[in-house]
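Trainee: Below you will find the structure I want to go over with you.
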Amino acid sequence: MALEFTDANFQNEVIANEKLTVVDFWAEWCGPCRAIGPVVEELAKEYDGQVKVGKLNVDNNPDVSVKYGITSIPAILFIKNGEVVDKQIGAVPKSVLEQKIKAHL
């Protein structure tokens, strides 16, 4: 299951983590976010132990959203060793996200 990232746990769960972390920035009211949600859950199961996969609700966690300049959602950031190594804006097929994950493993 995808993790829940928040303003409070982002530093420890994502920034301090050496593994690749996939962060889905989303909101309840966002249709494309709800469409890509099941894909994010599938990736969390498939890459369990290799990649951290989680979601961050932009309405409830404005600090992290502002820090990373999130202005459009869904926005998916790929973070490794505290640095953004790739990103994807908008809903895309699962294969696109898998390619980005594999490129940074």
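In our numbering, the protein residues as written are 40 to 144.
C-beta: ideal position from N, C-alpha, C; glycine also.
(1) Let me check one thing: in DSSP terms, what residues is V105 bridge-paired to?
(2) For the beta strand (DSSP E) containing I75, list its first residue and its last residue.
(3) Just to check my reading of the structure: F117 and V61 have Cβ atoms closer than 8 Å, yes? What is that Cβ distance to the nearest angstrom?
(4) Are the stretch 68-75 and the stretch 86-93 touching by the rule of at least three beta carbon pairs closer than 8 Å?
(5) Does I54 pass the burial test, meaning 16 or more other C-beta atoms within 10 Å, or should it be called exposed?
Mentor: Per the coordinate set shown:
(1) V105 is not bridged to any residue.
(2) Element bounds for I75: not the beta strand (DSSP E) but the alpha helix (DSSP H), 70-85.
(3) 6 Å
(4) no
(5) exposed
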